[in-house]
Each structure stands twice: as structure tokens, then as C-alpha cells.
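A short worksheet on the structure shown next.
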Amino acid sequence: ERLAAETNCWLYIGAQHPSARGPFMHFASERLRREGPSALDELHSNADRLFTSLISARRQETAELSIQVQKLQEEKA
């Protein structure tokens, strides 16, 4: 927030932990909220889709790896 205020820039930050089950964290500078509300809505929606896709891909990969491990264990037995 201080960076945006000191530089008077348009600033958007989004962050999501890979194992999170809740919404992602985000910050939009006052200037961005004031001067580009419709663009900000689109940016926020894109960030949401990005993080949702990344989490889904990670879960899919984890499930596939789990199946592979199980098959290897069965082959060893």
C-alpha cells in the first residue's frame, strides 16, 4: 500500500498458497480502483481463474502420482 501511495502507481498483487482451500489474497491500489474499476474487475477474475486452474492441476498431478505409487507398491508385493 505504501509503495502504491509513494509512487502513485497502479498496483495489483494477487497471491495464493498451493494448498489453500480459501480465496486468494489480493491488493489493488486506490488509484487502480478509482481509475480502472472495470479493468480491475477483469484482472481480478483472470487472477481467480489462474489460481483455480493451478490448484486443480496440482491436485490432478497429486492424484496421478498417488495412483502410480500404489501400482508400484502392488508390483513389489
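Per our numbering, the very first residue in the sequence shown carries number 20; after that it's consecutive.
All C-beta atoms, glycine included, are put in the ideal place defined by N, C-alpha and C.
Alpha carbon of residue i to alpha carbon of residue j, nearest angstrom
i	j	result
residue 67	residue 86	29 Å
Alpha helix (DSSP H) segment containing residue i, residue limits
i	result
residue 82	56 to 95
residue 24	21 to 26
Cβ-based burial, residue i [other Cβ within 10 Å; buried from 16]
i	result
residue 46	exposed
residue 57	exposed
Beta-carbon proximity of residue i to residue j, cut-off 8 Å
i	j	result
residue 51	residue 30	yes
residue 23	residue 64	no
residue 35	residue 70	yes
Range of the contiguous beta strand (DSSP E) that encloses residue i
i	result
residue 34	31 to 34
residue 46	44 to 47
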